[in-house]
Amino acid sequence: MLSKIHSAGLSGMDGFPVTVEVDESDGLPKSVIVGNVSASVRESLERCQVALRNVNIIIPPKRLTINLAPADRRKDGTHYDLAIVTGILKSIFLDDASFIDDYGFVGELGLDGKVRHVNGILPMVAEMKRAGLKGAVVPKTDIQEALVVEEMDIVGVEDLPDLCRILAKEESFTDYPRDTPRVSTRHESYNVDFSDIHGQSFSVRAALIAAAGGHNLLLSGVAGSGKTMIARRIPTILPELSREENIEITKIYSIAGLLPEGSALMNRRPFRTPHHTITTPALVGGSSNSGVIPGEIALASRGVLFLDELPLFSKSSIEALRQPLEEKQVTINRLNGSFRYPANCMLVAAMNPCPCGYYPDRSKCHCTESQIRHYQRGISKPILERIDLCVEASPISFREATSKDSSVSSAELREKVHKAREVQRMRFKDSPHLLVNADMNSRDIEQFCPLNRQSRSFIEKIFELKSMSMRTFHKVLKVSRTIADLEDSPEISITHLSEAVSYRGLEDQLYGSMEEALSNPDPNDRSRGTNSISISENKEPKVRGCNE
Amino acid sequence: MTAQDINFKNEIRELTPLDKDYPERLRQISNPPTTLYVKGQLPPDDMPTVAIIGSRTSTEYGLDVARTFGRVLASQGVGIVSGMAMGADSAGQWGALDGGGHTYAVLGCGINICYPARNYRLYGEILRSRGGIMSEVPLDSPPLGKQFASRNRIISGLSDAVIVIEARERSGTLITVNAALDQGKQVFAVPGRLNDPLSKGCLQLIKEGAEILTSPEDILEYLHLKSAGEQLMLEKDTSALNPKQKSVYDVLSVNALHLDSIISKCRLPVQELAPILLELEILGFSECTKTGFYRRKL
Numbered sequence: 095m096l097s098k099i100h101s102a103g104l105s106g107m108d109g110f111p112v113t114v115e116v117d118e119s120d121g122l123p124k125s126v127i128v129g130n131v132s133a134s135v136r137e138s139l140e141r142c143q144v145a146l147r148n149v150n151i152i153i154p155p156k157r158l159t160i161n162l163a164p165a166d167r168r169k170d171g172t173h174y175d176l177a178i179v180t181g182i183l184k185s186i187f188l189d190d191a192s193f194i195d196d197y198g199f200v201g202e203l204g205l206d207g208k209v210r211h212v213n214g215i216l217p218m219v220a221e222m223k224r225a226g227l228k229g230a231v232v233p234k235t236d237i238q239e240a241l242v243v244e245e246m247d248i249v250g251v252e253d254l255p256d257l258c259r260i261l262a263k264e265e266s267f268t269d270y271p272r273d274t275p276r277v278s279t280r281h282e283s284y285n286v287d288f289s290d291i292h293g294q295s296f297s298v299r300a301a302l303i304a305a306a307g308g309h310n311l312l313l314s315g316v317a318g319s320g321k322t323m324i325a326r327r328i329p330t331i332l333p334e335l336s337r338e339e340n341i342e343i344t345k346i347y348s349i350a351g352l353l354p355e356g357s358a359l360m361n362r363r364p365f366r367t368p369h370h371t372i373t374t375p376a377l378v379g380g381s382s383n384s385g386v387i388p389g390e391i392a393l394a395s396r397g398v399l400f401l402d403e404l405p406l407f408s409k410s411s412i413e414a415l416r417q418p419l420e421e422k423q424v425t426i427n428r429l430n431g432s433f434r435y436p437a438n439c440m441l442v443a444a445m446n447p448c449p450c451g452y453y454p455d456r457s458k459c460h461c462t463e464s465q466i467r468h469y470q471r472g473i474s475k476p477i478l479e480r481i482d483l484c485v486e487a488s489p490i491s492f493r494e495a496t497s498k499d500s501s502v503s504s505a506e507l508r509e510k511v512h513k514a515r516e517v518q519r520m521r522f523k524d525s526p527h528l529l530v531n532a533d534m535n536s537r538d539i540e541q542f543c544p545l546n547r548q549s550r551s552f553i554e555k556i557f558e559l560k561s562m563s564m565r566t567f568h569k570v571l572k573v574s575r576t577i578a579d580l581e582d583s584p585e586i587s588i589t590h591l592s593e594a595v596s597y598r599g600l601e602d603q604l605y606g607s608m609e610e611a612l613s614n615p616d617p618n619d620r621s622r623g624t625n626s627i628s629i630s631e632n633k634e635p636k637v638r639g640c641n642e
Numbered sequence: 003m004t005a006q007d008i009n010f011k012n013e014i015r016e017l018t019p020l021d022k023d024y025p026e027r028l029r030q031i032s033n034p035p036t037t038l039y040v041k042g043q044l045p046p047d048d049m050p051t052v053a054i055i056g057s058r059t060s061t062e063y064g065l066d067v068a069r070t071f072g073r074v075l076a077s078q079g080v081g082i083v084s085g086m087a088m089g090a091d092s093a094g095q096w097g098a099l100d101g102g103g104h105t106y107a108v109l110g111c112g113i114n115i116c117y118p119a120r121n122y123r124l125y126g127e128i129l130r131s132r133g134g135i136m137s138e139v140p141l142d143s144p145p146l147g148k149q150f151a152s153r154n155r156i157i158s159g160l161s162d163a164v165i166v167i168e169a170r171e172r173s174g175t176l177i178t179v180n181a182a183l184d185q186g187k188q189v190f191a192v193p194g195r196l197n198d199p200l201s202k203g204c205l206q207l208i209k210e211g212a213e214i215l216t217s218p219e220d221i222l223e224y225l226h227l228k229s230a231g232e233q234l235m236l237e238k239d240t241s242a243l244n245p246k247q248k249s250v251y252d253v254l255s256v257n258a259l260h261l262d263s264i265i266s267k268c269r270l271p272v273q274e275l276a277p278i279l280l281e282l283e284i285l286g287f288s289e290c291t292k293t294g295f296y297r298r299k300l
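So the sequence lines, in the order shown, correspond to chains U and W.
Read in order, the letters of the first sequence are residues 95 to 642 in my numbering.
Read in order, the letters of the second sequence are residues 3 to 300 in my numbering.
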């Protein structure tokens, strides 16, 4: 007898429908599983057979052929166990159990017959709904997560006897107790708040602007000045998660197996702090032995990716962030397919100003100019180009740290961010590719950041005074647009511009005119002769006491 | 990067004390360089010259002082001699170029090598403004420590007076000072604060009898030059500022302050303070040394 059971597989963020076909026929007792499956799916047969035996269900000696269709797609993971065991039961014992044809099955089996948690329940159940199924049978531990998908009948099973009970008769299936939906979409509170930060008004203000306009932020400052504290609190002032965003985050965490047990939705904006020794695949995502898994940048989507000690990250891993940050999604191409994850996160980076961390306080910092430069040049230029705001956190004094006044709460700031985002939403309602000011390209800047004559002549002066590059100029305009939005001012005034100028990045300092000239010597000036100088910055004179 | 890229047509000269062009000042010192490799010009014997030296890790204040002294002295026709090192040396030489004067760099490596490489623009500008680059070691010698110690005697030898901007207690700058004293040159030291490690060297020199330097006029007087009209005072005329600008300017000091401390002293939010600081910067009263740090400009 042939039986067909619906299930789903995962490819990147999305599921795809899988049908488990089980055929039972006479012949030499043998079980085979086919359909382009990985080793973990092949092992599933062993688990199913042992589990059945352990709950005293005796399978007659028959020839079992199991096919996972579509057979041309690679299938991986342990979540097919439940569908396979249901298929075996149906093909042998339950000819008339057609009432389960509208249901999908996912779950892993233990040898004792228990049904275990699997990763990726949410995207798989969502796929089942898309495929037109009425409901899903999932492990009992994953009910809440499955219930996030609306209008699906979710049945949670604890073990094989449970499963047998519901498969026995149609009435027993419909009467089986379902947990009532208790999916909460409330905004879960964070256990940190901006009011914990005293002083640092400059950095806090920059964090506010960054959150309001979706700008990337670089915090620089001496050790212990509270860079990490500020970064950690940025998710608390971002606008509340919408349901779609919430589901998107939950899907990623579900696939990565990071969803807290028994919880339905993430409800919080993620804050990811990878250590600087992280490898490139761990940062952008890559293959592991359980398939392609999302990297930190995908896990930080809709939240904050915090890179502490930015110059210490390996160049290759940072460079790999460039394209995902631009496109707000990351594509991982492997031999067996390309996988796409969202990467719509805010990048917040922190760094010390120099190797010892005290620069520019020369009474403590003995780092030479070239050491400082070398350290700072650890940040690649393309990444600096993607950071709109740069601030220097000041060393905090005892008086500031212990004072109780002048700190603002996250709620207040979030209110401001919310208003500014609203202004942006109205402005960009005809340009669907733009969500926040940070998304603007140079043409959008021309359209949305017009300057009046006064502001124009002012910024012209600054442009020359600070020897800005055009790119920096555009960043200043974007940031000043956000500052104006925070005050709900339709026009960018001189005040907004000059504040934006004070958040100007390191880019011009580190990669200014000199470097350009070094890399592109004017070809017209080239002539031959002995009269040449060669550049050597590497060796410091070694004799002590001659350091001028 | 080669010198051709900076397009200047300087012949390299190799001078020995027997040559006519060899600087008279160097002939006078006890151990003149046997060969002097020169790109560009040498300071003429009748030109008053001053060495501006100091720590490679100078504070912003020190750099500003060096640059101001360089500018004012060079504009009065004084040649500025230094070692083109990072910090005070190059600041003094940039100042000289600002002032439209001539400046001469004595290198510790061969003159075909720009050391430190970051100063290659200075290297080019010095030659373009009819200054000179010189060294006693052969053209392509790499920068070795011992050469730096001995080139210091050439710096002091070429100068009529030596200005020490900032120096740590035991620093290479003091090697130059010792050489200058051996050669009988006057040493001027810029006084600093008692607790500032970068002023320790200068204060020690003052204690040992160096001249206290408080304005460029001290040097001009020593060199018997009259100041001609140029505003030499280090104090800025703040009468042009409006009250708000004035109050912010009063809070600023010569050492860079973080915006947060300016905020707490002025009691103004960032939004209001930023434009004022920028106005001051446009007017030349202040400068932003790095993101978030502001200081009063000399």
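Note that beta-carbon positions come from the ideal geometry of N, C-alpha and C, so glycine has one too.
What you are looking at is a predicted structure, and each value in this text was computed from that prediction instead of being measured.
Distance between W/Gly-101 and U/Gly-293, taken at the CA atoms: about 42 Å. Contact of U/Cys-543 with chain W by beta-carbon distance below 9 Å is absent, the smallest such distance being about 18 Å. Using a Cβ distance threshold of 7 Å, W/Gly-134 and W/Gln-43 count as a contacting pair. In its chain, beyond the 5 residues on either side, Gly-112, Asn-114 and Ile-115 have a beta carbon closer than 8 Å to the beta carbon of W/Asp-142. As the crow flies, the alpha-carbon of U/Ile-490 is around 10 Å from that of U/Ala-317. With respect to the 7 Å criterion, W/Ala-191 and W/Val-164 are not classified as neighbours on the basis of their beta carbons. Sorting U/His-590, U/Glu-390, U/Leu-604 and U/Met-107 by C-alpha distance to the C-alpha of U/Lys-345 places U/Met-107 at the top. For chain U, the residues of the region 137 to 171 of chain W that bring a beta carbon within less than 7 Å of one of its beta carbons are Pro-144, Pro-145, Leu-146, Gly-147, Lys-148, Phe-150 and Ala-151, in chain order. For U/Lys-409, not one C-beta of chain W is nearer than 7 Å to its own C-beta. Beta-bridge analysis with DSSP links U/Pro-388 to U/Gly-379. With a threshold of 16 other beta carbon atoms within 10 Å, U/Asn-383 falls short and is exposed. Our two residues, U/Asn-310 and W/Leu-28, have alpha carbons roughly 57 Å apart in a direct line. Boundaries for U/Gly-315: no alpha helix (DSSP H) harbours it, while the beta strand (DSSP E) harbouring it runs 311 to 315, taken from the DSSP string.
Residues of chain U whose Cβ lies closer than 7 Å to the Cβ of W/Phe-295 are, in chain order, Pro-454 and Glu-486. Against chain U, a Cβ distance below 9 Å from W/Asp-198 picks out Arg-456 and Ser-457.
For W/Ile-82, no chain U residue has a C-beta closer than 9 Å to its own C-beta; the minimum C-beta separation is roughly 15 Å. Every alpha helix (DSSP H) of 4 residues or more that sits fully in the region 492 to 575 of chain U is shown, in chain order, as 492 to 496, 504 to 521, 536 to 542 and 547 to 559. For the 7 Å CB-CB criterion, W/Ile-214 and W/Ala-68 do not form a contact.
Around W/Asp-262, the beta-carbon contacts reaching into chain U at under 7 Å are Gly-293, Gln-294, Ser-295, Phe-296 and Ser-488. The C-alpha of W/Asp-262 lies about 40 Å from the C-alpha of U/Pro-388.
Straight-line measurement puts the Cα of U/Ser-583 at about 18 Å from the Cα of U/Ala-305. DSSP lists U/Leu-312 as the beta-bridge partner residues of U/Cys-484.
Going by beta carbons, W/Gly-110 and W/Arg-153 fall inside the 7 Å limit. In terms of Cα proximity to W/Ala-53, the closest of W/Pro-245, W/Ile-156, W/Pro-277 and W/Asp-184 is W/Ile-156.
With contacts defined as CB atoms closer than 7 Å, W/Gly-64 and W/Ala-98 fail to qualify as a contacting pair. Counting only residues of its own chain and dropping the five nearest sequence neighbours on each side, U/Ser-289 has a CB closer than 8 Å to the CB of Ser-501, Val-502, Ser-503 and Ser-504. In the three-state reduction of the DSSP assignment, W/Val-80 falls in the coil class, being assigned neither a helical nor a strand state. Straight-line spacing of the CA atoms in U/Ala-165 and U/Thr-159 works out to 14 Å. Contact between U/Phe-199 and U/Ile-127 fails: their C-beta atoms lie close to 16 Å from each other, not under 8 Å. Judged by DSSP in its simplified three-state form, U/Ser-192 adopts helix.
The region 219 to 232 of chain U makes no contact with the region 326 to 333 of chain U, as fewer than three CB pairs between them are under 8 Å. Within its own chain, the residues whose Cβ lies closer than 6 Å to the Cβ of W/Arg-15, once the five positions on either side in sequence are excluded, are Val-40, listed in chain order.
The continuous alpha helix (DSSP H) containing U/Asn-340 extends over residues 337 to 350.
Annotation: U/Glu-463 is outside any beta strand (DSSP E); the continuous alpha helix (DSSP H) that includes it extends over 463 to 470. Apart from the 5 residues on each side of it in sequence, U/Lys-555 has no Cβ closer than 7 Å to any other Cβ in its chain.
Counted as a single uninterrupted DSSP element, the stretch harbouring W/Ser-241 is not any alpha helix (DSSP H), since DSSP gives it neither H nor E.
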